[in-house]
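Mapping of the sequence shown onto the working numbering: residues 436 to 748, in sequence order.
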Amino acid sequence: MYSKKNWSSYKISIRRKRLVFAVIMMAVIGGVTAASVHFAGRLRGSVGGGRRELLELWDGGDYEAVYSRSRDALAARPMDYFFLSMRGFSAYQIGVSQINSLNAAQYFDDCVWSLRKALLLKNAENDGRLHYVLGKAYRYKGDSYADLSVKYLEKARELSFAVADIPQYLGIAYAAIGDYRSSVAAYSEALGSLEDGPSSLLLLSIARSYLALEEFDAARAYLLRCIEISADSRTILEARLLLTEVLRNSGDNEGARRQLQEIIDETGDNAEVRFQMGELYALQGDTARARAEWRLALRADPAHAKARTRLSI
Numbered sequence: 436m437y438s439k440k441n442w443s444s445y446k447i448s449i450r451r452k453r454l455v456f457a458v459i460m461m462a463v464i465g466g467v468t469a470a471s472v473h474f475a476g477r478l479r480g481s482v483g484g485g486r487r488e489l490l491e492l493w494d495g496g497d498y499e500a501v502y503s504r505s506r507d508a509l510a511a512r513p514m515d516y517f518f519l520s521m522r523g524f525s526a527y528q529i530g531v532s533q534i535n536s537l538n539a540a541q542y543f544d545d546c547v548w549s550l551r552k553a554l555l556l557k558n559a560e561n562d563g564r565l566h567y568v569l570g571k572a573y574r575y576k577g578d579s580y581a582d583l584s585v586k587y588l589e590k591a592r593e594l595s596f597a598v599a600d601i602p603q604y605l606g607i608a609y610a611a612i613g614d615y616r617s618s619v620a621a622y623s624e625a626l627g628s629l630e631d632g633p634s635s636l637l638l639l640s641i642a643r644s645y646l647a648l649e650e651f652d653a654a655r656a657y658l659l660r661c662i663e664i665s666a667d668s669r670t671i672l673e674a675r676l677l678l679t680e681v682l683r684n685s686g687d688n689e690g691a692r693r694q695l696q697e698i699i700d701e702t703g704d705n706a707e708v709r710f711q712m713g714e715l716y717a718l719q720g721d722t723a724r725a726r727a728e729w730r731l732a733l734r735a736d737p738a739h740a741k742a743r744t745r746l747s748i
């Protein structure tokens with residue numbers, strides 16, 4: 436009933452999805468701004484009138500105005516490369532600034548619509564900027580679009596559009612489609628390009644991919660480094676929970692139990708930690724202690740769905 440393989444796959448899937456948005460938010464703003472400004476600069480010497488005004492609005496960071504005016508311009512010239520591109524880039528910039536995910540999704544959809552349409556035009560296929568922003572927009576649209584994120588980000592690199600955050604986005608996207616070997620390769624490339632050293636979230640993402648590959652020694656090393664450098668309590672908790680899973684998969688059930696107990700001793704009762712303690716006891720065949728831990732999980736969080744399921748409540 437408590438299959439180690441099924442339990443591990445389930446945990447990896449859930450935690451990977453929960454982390455994706457946080458990892459993306461860490462990197463997104465600087466990269467897309469650079470791409471968009473370069474795009475605008477390339478056209479600056481050849482535009483006039485309303486287009487020059489649009490570029491000035493862009494330089495001033497008024498993306499809402501760029502978005503609105505490019506939409507109006509496209510009503511008259513629906514296949515204009517300049518206006519399609521500017522609308523796509525501005526939609527992306529507005530999208531990443533949204534707090535409401537539904538609002539953000541509308542802007543990312545418009546970004547994709549505008550840039551995919553621009554790619555239909557002559558020579559646009561060779562513009563790495565469009566592929567780069569499309570790849571990031573698809574990553575924001577969720578795991579079901581991860582294959583398209585890989586497609587466009589890899590195309591941007593093929594066109595020699597070198598932006599520092601592409602490997603990190605590829606690492607996330609490859610992990611989302613289950614290609615963990617390519618994910619690790621992309622993340623390793625990202626590590627090599629960071630002048631200030633890796634972030635704790637990047638280390639956590641690499642560890643997840645190694646865990647999915649069942650390369651537990653490598654996963655453990657990255658998790659320990661993540662715990663060492665992180666100043667965020669939630670990231671540390673995620674890393675320690677993953678370390679528990681690594682220890683359990685390595686056959687060190689007692690080490691996994693001690694890790695969970697240390698979390699409880701340091702932070703107090705935590706529903707997820709108590710639930711995982713119950714899962715560990717269940718794997719060891721100690722049903723009574725497992726159920727006791729699941730009841731403690733419900734005491735800490737009466738709405739904890741997995742604990743309720745285990746207790747058939």
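The C-beta atom is built at its ideal place from N, Cα and C for all residues, glycine as well.
As the structure is a prediction and not an experimental result, all values here were calculated from the model.
* Which residues bound the alpha helix (DSSP H) around residue 609? -> That run of the alpha helix (DSSP H) goes 601-611.
* For my contact list, residue 679 and residue 711 are in at a C-beta cut-off of 8 Å; report their separation, rounded to the angstrom. => So it is a contact: roughly 6 Å between Cβ atoms.
* To do: Mark residue 464 as exposed unless 16 or more other C-beta atoms lie within 10 angstroms of its C-beta, in which case mark it buried.
  => The pLDDT assigned to residue 464 is 33, lower than 50, so where the model puts this residue is not dependable; a value taken from the coordinates is nonetheless given after this. With fewer than 16 other Cβ atoms within 10 Å, it is exposed.
* **With 16 other Cβ atoms within 10 Å as the buried cut-off, status of residue 558** => It counts as exposed.
* By Cβ distance, which residues of its chain are closer than 8 Å to residue 719, with the 5 residues on each side in sequence left out? -> Answer for residue 719: 688, listed in chain order.
* Asked: By the 10 Å Cβ neighbour count, where 16 or more other Cβ atoms means buried, how is residue 722 classified, buried or exposed?
  -> Exposed is the call here.
* Quick one: is residue 673 buried, meaning 16 or more other Cβ sit within 10 Å of its Cβ, or exposed? -> Its Cβ being crowded by 16 or more others within 10 Å, residue 673 is buried.
* To do: Could you check how far apart the C-beta atoms of residue 572 and residue 543 are, in whole angstroms? I think they sit under 8 Å.
  => Yes, they are in contact, since the Cβ atoms of residue 572 and residue 543 sit about 5 Å apart, within 8 Å.
* Using the rule of at least 16 other Cβ atoms within 10 Å of the residue's Cβ for burial, across every protein chain shown, is residue 635 buried or exposed? -> Residue 635 is buried by the Cβ-count criterion.
* Find the nearest neighbour of residue 540 within the set 560, 530 and 708, judged by alpha-carbon distance. => Closest option to residue 540, Cα to Cα, is 530.
* Considering only residues of the same chain and omitting the five flanking positions on each side of residue 657, which have a CB-CB separation below 8 Å? -> Close CB contacts of residue 657 within its chain, under the 8 Å cut and outside five residues either way in sequence, are with 638, 639, 641, 642 and 645 (chain order).
* Output yes or no for whether 8 Å exceeds the beta carbon distance between residue 704 and residue 731. => Going by C-beta atoms, residue 704 is nearer than 8 Å to residue 731.
* How long is the line joining the alpha carbons of residue 472 and residue 492, rounded to whole angstroms? -> Here residue 472 scores only 43 on pLDDT, less than 50, and its place in the model should not be relied on; the value that follows carries that caveat. The alpha-carbon of residue 472 is positioned some 12 Å away from that of residue 492.
* **Contact between the region 587-595 and the region 622-630 (3+ Cβ pairs under 8 Å)** => The count of Cβ pairs closer than 8 Å, one atom from the region 587-595 and one from the region 622-630, stays below three, leaving the stretches out of contact.
* Indicate the three-state DSSP secondary structure (helix, strand or coil) for residue 644 in the structure shown. => Residue 644 falls in the helix class under three-state DSSP.
* Which of helix, strand or coil DSSP assigns to residue 562 -> Of the three classes helix, strand and coil, the one that applies to residue 562 here is coil, per DSSP.
* **CA-to-CA distance, residue 665 to residue 683, given in whole angstroms** => For residue 683 and residue 665, the distance between alpha carbons rounds to 23 Å.
* To do: Could you check the C-alpha separation between residue 400 and residue 717 for me, to the nearest Å?
  => Any property of residue 400 remains undetermined from this structure, which presents the chain solely from 436 to 748.
* **Buried versus exposed call for residue 633 [16 or more other C-beta atoms within 10 Å across all chains shown]** => The residue in question, residue 633, is buried, as its Cβ has 16 or more Cβ neighbours within 10 Å.
* Nearest-angstrom Cα distance between residue 533 and residue 526? -> Straight-line Cα distance between these residues: approximately 11 Å.
* Asked: How long is the line joining the alpha carbons of residue 747 and residue 503, rounded to whole angstroms?
  -> One C-alpha to the other measures close to 53 Å.
* Asked: Does the distance from the C-beta atom of residue 608 to that of residue 584 stay below 8 Å?
  -> Yes; because the gap between Cβ atoms is below 8 Å, this pair is in contact.
* Report the rounded CA-to-CA distance for residue 653 versus residue 498, giving the unit in angstroms. => Each residue's Cα considered, the two are about 43 Å apart.
* Output the boundary residues of the alpha helix (DSSP H) element that contains residue 683. => According to the DSSP assignment, residue 683 belongs to the alpha helix (DSSP H) that extends over 668-684.
* What three-state label does DSSP hand residue 717 in the structure shown? -> Looking at residue 717 - three-state DSSP - the assignment turns out to be helix.
* So, is the C-beta of residue 666 closer than 8 Å to a C-beta in chain D? -> The chain inventory of the structure shown lacks chain D, comprising one protein chain alone.
* N- and C-terminal bounds of the alpha helix (DSSP H) containing residue 705 -> No residue range can be given for residue 705, since it is assigned to no alpha helix (DSSP H) and is classified by DSSP as neither H nor E.
* Going by alpha carbons, who is nearest to residue 553 out of 501, 513 and 496? -> The residue from 501, 513 and 496 with its alpha-carbon nearest to that of residue 553 is 513.
* Asked: Does the Cβ of residue 561 lie closer than 7 Å to at least one heavy atom of the ligand ATP?
  -> The ligand ATP is not part of the structure shown, which contains no ligands of any sort.
* Cβ atoms of residue 648 and residue 604: under 8 Å apart, would you say? -> The answer is no: Cβ separation not under 8 Å.
* Where residue 574 falls: helix, strand or coil (DSSP) -> It is helical.
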